[in-house]
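Going by this note's numbering, the sequence shown opens with residue 1, and the numbers climb by one from there.
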Amino acid sequence: AGTLQPPKTQFNTFVNHRGIVYRYGGCHFIKQKTQPDDAFWAFDPAAHAWRELKVPAGSGGGGANQKAPGRRVNHIAVAQGGHMWVWGGTTGLGRGDTLEGGLYRIKLPSQAGTAGLDAWCGEVHAGLVSWEAVEVKGNKTSRPLSREEPASCTYRDKIYVFGGSRPGEFDLDDLWVFDCAKLKWSEVSGKGEYKRPKARRGGVMFAGHGGVYLYGGQMVVGD
């Protein structure tokens, strides 16, 4: 087993892809001060070993839109279509920190397990893999507000996002769907069979039996 491991953090995200677990961001505490993190790590359950993934932003010849998500906490991350997608969250836990509304993705290994991760790291070193700031289609009014602590899951090649919070302003009760093929957001209206849940942050979503489910979260006192 390896001895290398990431710092102890809160508010980070994990995704599982082809037998490897990927961790991004979060916040750790040093001498009672918060320190947001932009580190990208992989955990290999078979080898019981961590590996830090140092992916240079802008490599891979992808043009001006290539950049990493940067430091963030209370964001979401999912694996879909051979990529890891990162959205939302904030740059830290202080009053002056910024909500993030950009969507980012990175290609994940096509092979499973340790061999796939080794090959992928070789592609990174060769400049063939990098973070990409996704150029979302449509105008800014047709995409979700930036927020922290939303719930999210994937279903049928799409990313579902519900709720979250805009600190100091309000919690949200909107449901958005991102089409990973068309690179476009659309909002679910809340009419018909869909009954909109109450606004909340910190809930969880999962897919199964032909739909997506929302559970838990924190709501305003009195709800």
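Virtual Cβ for every residue (Gly too), placed ideally from N, Cα, C.
Same chain, Cβ closer than 8 Å to residue i, five either side skipped, listed in chain order
i, result
"A46", "G19, G113 and T114"
"V212", "C153, Y155, Y160, M205 and F206"
"K182", "K137"
Whole-angstrom distance between residue j and residue i, CA atom to CA atom
i, j, result
"P197", "D174", "9 Å"
"G217", "D171", "11 Å"
"T235", "D179", "There is no way to answer for residue 235, as the model of the chain reaches only from 1 to 223."
"P167", "D38", "21 Å"
"D118", "H17", "14 Å"
"Y215", "F162", "11 Å"
"D44", "P109", "13 Å"
Residue closest to residue i, alpha-carbon to alpha-carbon, out of the options
i, options, result
"R201", "G89, I106, A57 and P69", "G89"
"A42", "S146, W87, R147 and P6", "P6"
"Q111", "G82, W131, A126 and G210", "G82"
"E148", "K158, G164 and D44", "G164"
"G190", "A199, P167 and H48", "A199"
"N139", "G116, V78, K184 and G203", "K184"
"V15", "G203, F162, G208 and I106", "I106"
"K158", "A49, E187 and Q32", "E187"
"Y24", "K31, I30, T91 and Q32", "T91"
"P150", "G127, V177 and E132", "V177"
"R71", "F40, Y22, T141 and H125", "F40"
"K33", "G203, L93, P144 and T98", "L93"
"F11", "W50, A77, K67 and V21", "A77"
"H48", "K54, P109 and T3", "T3"
"M288", "G208, G203, Y22 and L145", "The question about residue 288 has no answer, for the chain in this structure spans 1 to 223."
Sequence-distant residues of the same chain with beta carbon closer than 7 Å to residue i, five excluded per side
i, result
"L103", "W85, W87, V134 and V136"
Presumed contact (8 Å Cβ cut-off) between residue i and residue j, rounded CB distance
i, j, result
"E100", "H75", "7 Å"
"A68", "W120", "That pair is no contact at about 16 Å."
Own chain, CB closer than 6 Å to residue i, minus 5 neighbours either side, in chain order
i, result
"E123", "V129"
"T98", "T91"
"G61", "Low confidence applies here, because G61 scores a pLDDT of 43, under 50, leaving its location unreliable; read the following figure in that light. Around G61: no qualifying Cβ."
Residue i Cβ short of 7 Å to the ligand GTP heavy atom set
i, result
"G122", "No copy of the ligand GTP occurs in the structure displayed, which carries no ligand at all."
Problem set entry | In chain order, each alpha helix (DSSP H) run of at least 4 residues that lies wholly inside the stretch 77-149 | 113-125
Problem set entry | Runs of beta strand (DSSP E) wholly within the stretch 143-202 (minimum 3 residues, chain order) | 151-155, 158-166, 170-179 and 184-188
For this session: With a floor of 3 residues, list each beta strand (DSSP E) that falls wholly inside the stretch 21-70, ordered by position along the chain.
Result: 27-30, 33-36, 40-44 and 49-52
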